[in-house]
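Undergrad: Okay, here's the structure, questions in a sec.
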Amino acid sequence: MLPRGIYLDGNSLGPLSYAAQSAIERRLKQWQYKGVAAWDEWFELAERLNPALAKLIGAKPNEVITTGSITSNLHALLATFYKPTEKRKNLLATSLDFPSDLYALRAWADRYGGKLNLIPSQDGHTLEPHDIEAALTEDIAVAVLPTVLYRSGQVLDWAAITQLGQSKSIIMGWDAAHSIGALPHQFHQEAIDFAVWCTYKYLNAGPGAPGGLFIHERHHHLKPGLPGWWGNDKASQFEMAAEFRPANHAGAHQISTPSILALAGLEGSLAIFEELTIEAIRERSLKLTDYLIGLADTILPDMPVRSPRGRAQRGGHVVLEHPEAKLLSLALRSKHIIPDYREPNLLRLAPVALYNTETELDQTVQTLRELLNNGSYKAFSVNQKVS
Ligand SMILES: Cc1ncc(COP(=O)(O)O)c(C=O)c1O
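Okay, so the sequence shown: first residue is -1 according to the numbering used here, each after it adds one.
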């Protein structure tokens, strides 16, 4: 059930599937007919999604949970993992991070008199391995890095970087917003300390659908830094004890009552991922991004590709640069081609394995060529909003 036209923005908001729609309708009906009695079935709904989610992230089911949002989960996990000492009180992120991660990390560093160090970028689009390595120093308590950079789509080698960081006793956390549902992960085997993600991008769970987190089982003894009753051991949650008794799995880091209707969107969309393998999804995605890069190189030399060209370094989207990318994205939308725009000059195109085709990419690139040739895109206003 795709929005009208060509939808290339699934890395921002994935489209609605029939499976998600019917799961939401089913939960809505339960609310309608059963009212509060439906909580019997809903009580452990988030936990029931764990096996499907665990497959996508390469974890044991008890190492993941659907809850919160990327930013709120990041705050919660920093409250758990960030234990600053005089010698080790700084945090590490990258200069190309999504800003919300930086806001959260900086707030925690400020609270404890630490600094937030940022890995520099030489070209403004990507990060170099030697800059990452140089930033993993012994004053860093926790590093939170993106698995895939949100602008250029560069994949960071999270397993190797985790090993490097942990060899300096740094807690290594990852923001997997742009890799979950698009790339395979092996977070358990790779011994990642913790990770956060959202489900509204490649997982197609719906606008503002709940996020998720991974905590390696070796950390399950840690007391949640931001406890709430939903993280209590399920068997005793309704005893309403004054004392918090955390669940003995990642679910201990839930805080509040989940939105069942929002969880239902994920429940439905995960069923689609259960029918496929993430490796097959990744292979199809790479074919589509290879194809798009080839088209852009030959037909759009005035819009250079700023995503990495190596398959292992490229995520699920391709970014093209143009000084008037904003106007071009508005012009494309007016022709029912939905791209994504990122300030100040980037057009992001995500050909998603589950629903995009090579023909759609031909049409998109041809339309961009025509717009650039005839200049009609200049009639749009830079003051118009593009989300
Ligand atoms: C890489 C990345 N991190 C963090 C966020 C913020 O997510 P949330 O609104 O779920 O906190 C986003 C949102 O798109 C994102 O792309």
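By construction, the Cβ of each residue, glycine as well, lies at the ideal position given by its N, Cα and C atoms.
Give me the residue from E272, L290 and M238 with the minimum Cα distance to A52.
TA: E272
Undergrad: Is the CB-CB distance between V142 and V153 below 8 Å?
TA: no
Undergrad: Could you tell me which residues DSSP pairs with D137 in its beta bridges?
TA: Answer is none; D137 lacks a bridge partner.
Undergrad: Among F236, H315 and W195, which has the Cα closest to the Cα of R149?
TA: H315
Undergrad: I want to know whether the region 64 to 74 touches the region 203 to 223 - three or more CB-CB distances under 8 Å.
TA: yes
Undergrad: Which value, in whole angstroms, describes the spacing of the CA atoms of N115 and K32?
TA: 52 Å
Undergrad: List the DSSP bridge partners of R312.
TA: Q152
Undergrad: Out of V380, T362, R309 and A260, which one is the CA nearest neighbour of W40?
TA: A260
Undergrad: So which of T124, L125, I159 and D155 has the shortest CA-CA distance to T135?
TA: I159
Undergrad: Count Cβ pairs between the region 306 to 325 and the region 229 to 245 that sit closer than 8 Å; are there 3 or more?
TA: no
Undergrad: With DSSP as the reference, identify every bridge partner of W40, one or two as the case may be.
TA: The partner list for W40 (beta bridge, DSSP) is empty, contrary to what the question assumes.
Undergrad: What span of residues does the beta strand (DSSP E) with N115 cover, start to end?
TA: L114 to I117
Undergrad: Would S165 be called buried (16 or more neighbouring beta carbons within 10 Å of its own) or exposed?
TA: exposed
Undergrad: With contact counted as at least three CB pairs below 8 Å, one residue from each stretch, are the region 83 to 96 and the region 116 to 132 in contact?
TA: yes
Undergrad: Please go through the same chain and pick out, in chain order, the residues whose beta-carbon is closer than 6 Å to the beta-carbon of H176, but skip the five residues on each side of it.
TA: V146, Y148 and G313
Undergrad: Quick one: residues in its chain with C-beta nearer than 8 Å to the C-beta of S15, no 5 flanking neighbours on either side, listed in chain order?
TA: M(-1), N202, G266, S267 and I270
Undergrad: With H, G and I counted as helix, E and B as strand and the rest as coil, what does DSSP make of D121?
TA: coil
Undergrad: From E131 to I169, what distance separates their C-alpha atoms?
TA: 15 Å
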